[in-house]
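**Student:** Take this structure, written in structure tokens, and hold onto it; I'll ask about it next.
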């Protein structure tokens with residue numbers, strides 16, 4: 123249940139508890155910078171799915187960088203992705 127969905131539900135979502143890997147309005151510099159860049163670029167506020175896509179792109183970039191774009195080196199790409207450390211908002 124994202125914050126945007128909760129708002130759209132009005133009071134119907136009051137008291138519902140869920141777990142996600144991201145929440146709107148985290149109080150840290152990385153999240154604030156991400157939200158600002160996203161809003162300027164896309165003219166809307168990011169949600170959990172925007173952050174999920176951002177994280178996935180970082181993971182893919184790590185894998186592709188490790189094999190210099192050579193998709194024939196699939197095992198090496200996967201290994202690099204398994205060992206990746208990404209900087210997520």
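Numbering (my numbering), first residue to last: 123 to 211. Glycine is no exception: its CB is placed at the ideal position from the N, C-alpha and C atoms.
#1: Could you tell me the boundaries of the alpha helix (DSSP H) in which residue 124 lies?
#2: Would you mind reading off the limits of the alpha helix (DSSP H) that contains residue 159?
#3: I need the straight-line Cα distance from residue 147 to residue 156, nearest angstrom please.
#4: I need the boundaries of the alpha helix (DSSP H) containing residue 131, first residue and last residue.
#5: My assumption, with CB atoms under 8 Å, is that residue 208 sits in contact with residue 180. Please give the rounded CB distance.
#6: Hey, would you say residue 184 sits closer than 8 Å to residue 202, going by beta carbons?
#7: Can you say whether residue 164 is buried or exposed, counting buried as having 16 or more other CB atoms within 10 angstroms of its CB?
**Tutor:** If we stick to the structure as given:
#1: Run containing residue 124: none; DSSP gives neither H nor E here.
#2: Unbroken alpha helix (DSSP H) run through residue 159: 151 to 164.
#3: Straight-line Cα distance between these residues: approximately 11 Å.
#4: For residue 131, there is no enclosing alpha helix (DSSP H), as DSSP marks it with neither H nor E.
#5: Right, the Cβ-Cβ distance comes to about 4 Å (below 8 Å), so this counts as a contact.
#6: Taking 8 Å as the Cβ cut-off, residue 184 and residue 202 qualify as a contacting pair.
#7: Flag for residue 164 reads exposed.
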